Amino acid sequence: MNTIQQIVTVRKDGQVTLRVPWPAETRVRVIVLEESGTEQDEAIALACWQEQSGFARQVLADPAEDVWNAL
Numbered sequence: 023m024n025t026i027q028q029i030v031t032v033r034k035d036g037q038v039t040l041r042v043p044w045p046a047e048t049r050v051r052v053i054v055l056e057e058s059g060t061e062q063d064e065a066i067a068l069a070c071w072q073e074q075s076g077f078a079r080q081v082l083a084d085p086a087e088d089v090w091n092a093l
């Protein structure tokens, strides 16, 4: 999966314009976060995304995947 990050300004009418490298009719996922301007806030937001991912919930939380239980 290819990802891009853009920082854009919301227009007065509440809209933003994104330019993407994919052809028309391609389905994409858009996640919108307010730009805080601090690296710490960005790191916290990324950690929350990672925590809520399917991998974290389905694989890491699976007791069968916990290698330490076998010791």
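The sequence shown begins at 23 in the working numbering and counts up by one.
Beta carbons: idealized from backbone N, C-alpha and C, even for Gly.
It should be emphasised that the depicted structure is a prediction, and the values quoted were computed from it without experimental measurement.
Item, Value
"Cβ separation of Ala67 and Leu55, assumed to be a contact under 8 Å, to the nearest whole Å", "6 Å"
"Enclosing alpha helix (DSSP H) for Asp63 [first to last residue]", "Glu61 to Glu73"
"CB of Glu64 within 7 Å of CB of Ile29, strictly", "no"
"4 or more residues per run - each alpha helix (DSSP H) lying fully within the segment 28–57", "none"
"DSSP-derived helix/strand/coil call for Ala86", "helix"
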